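Sequence positions in the sequence shown follow the UniProt record's numbering and run 1 to 295.
We put the beta carbon where it would ideally sit given N, CA and C, even for glycine.
Predicted model only: the values in this text are computed from it and were never measured.
The structure under discussion appears below in the form of structure tokens.
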Amino acid sequence: MNEIKIKQTGLRLDKILSNELDLSRSQIQRLITEGQITLNGELTKANIKPKIDDLIEIKQIDRPPLKAEPEDIPLDIIYEDDDVLVVNKPAGMVVHPASGHYHGTLVNGLMYHTKLAKSTNDFRPGIVHRIDKDTSGLLMVAKSELALKSLSDQLKNKQNLRKYQALVTGRIEEDEGTIEAPLGRDPKNRLKRAVISGGKDAITHFSVKKRFDNFTLIDCQLETGRTHQIRVHLNYIGHPLVGDPLYGVTGTTKIHQGQLLHAGTLGFSHPLTKEFLTFSVPLPADFQNILKTME
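In structure tokens, the structure reads:
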């Protein structure tokens with residue numbers, strides 16, 4: 001039995017629990033209907049707004065074990081040899097299985113396509129780094145244990161190249177800049193990250209590519225790779241990503257559903273040959289079309 005004491009008012013019960021339990025609101029609503037969730041010891045409804053110090057009790061939630069299975073999913077493979085693979089992930093695709101996303105992930109497709117390096121987790125073989133579901137672009141994937149160690153070490157030691165293109169709200173007047181602000185879990189919403197004292201070091205470099213009336217197209221280069229780093233950092237300086245459902249301005253989701261962020265350039269040293277390889281892919285068609293409408 002899990003217990004949660006309410007610390008703030010104004011939110012629906014299903015919204016509160018969705019944040020706390022990392023479950024979808026439809027999953028929460030089903031649990032409430034089944035009587036698995038009570039409020040102050042009584043059966044309740046999803047739209048109830050609990051008061052301060054109300055007690056929510058959640059019975060044991062059965063979660064299916066996370067394990068990836070091969071699935072025949074079309075992939076945009078940019079490069080591949082016996083040790084490494086570079087893939088261009090479309091926006092809308094989750095990298096590996098997670099709560100609420102058990103099928104249709106990039107890993108499911110990769111496992112069907114080729115053999116991947118074994119990982120400590122059954123649900124993310126070969127995965128060295130991730131990009132968010134609604135972020136498009138390049139990922140390096142390890143096919144051998146040698147490659148997994150080498151690519152992971154490069155990531156840890158900041159020896160690779162990761163450049164993104166982003167469309168942000170507002171006009172950034174300076175041509176370039178660096179955002180250095182520590183990141184950690186948002187104390188008010190466990191699904192979000194925030195700039196917090198004592199957080200992990202996070203550094204993002206940016207340069208302006210084009211200015212529009214109320215928007216700016218920029219390049220971002222990661223020096224560190226924290227969860228949601230670019231999204232949080234740009235919001236922190238007052239220029240959130242267009243379409244970002246977590247950190248963006250609400251109205252911009254009408255322009256695009258999901259943040260307009262593209263991991264367009266990726267570079268790393270090949271684990272075997274030690275040659276530094278660099279790959280680039282253009283912006284997705286929907287991203288390009290939005291830019292055309294702004295000209």
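In chain order, Phe212, Asp213, Phe215 place their CB closer than 8 Å to the CB of Met294, counting only its own chain and leaving out the 5 sequence neighbours on each side. Residue range 84-89 is occupied by the beta strand (DSSP E) that includes Val87.
Distance check between His256 and each of Ala202, Arg185, Phe206, Val168 places Val168 closest, using alpha-carbon atoms only.
Proximity of the stretch 168-182 to the stretch 113-128 falls short of the contact definition, fewer than three beta-carbon pairs being nearer than 8 Å. Val168 carries a strand assignment under DSSP once its states are collapsed to helix, strand and coil.
Ile77 is classed as exposed because its beta carbon has fewer than 16 other beta carbons within 10 Å across all chains shown. Lys49 counts as exposed, since fewer than 16 other C-beta atoms from the protein chains shown sit within 10 angstroms of its C-beta. Rounded to the nearest whole angstrom, the C-alpha separation of Leu39 and Val195 is 33 Å.
Between the stretch 66-76 and the stretch 106-117 there are three or more inter-stretch CB-CB distances shorter than 8 Å, so the stretches are counted as touching.
Ile127 is bridged by DSSP to Val141. A residue is called buried when at least 16 other Cβ atoms come within 10 angstroms of its Cβ; Tyr247 meets this threshold and is buried.
From the listed residues Gly35, Asp81, Lys51, the smallest Cα separation to Leu272 is found for Asp81. Counting along the chain, the unbroken alpha helix (DSSP H) around Arg30 starts and ends at 25-33.
Within 10 angstroms of the beta-carbon of Ile52 lie fewer than 16 other beta-carbons, which makes it exposed. Asp219 has Gln165, Ser207 as its beta-bridge partners, per DSSP.
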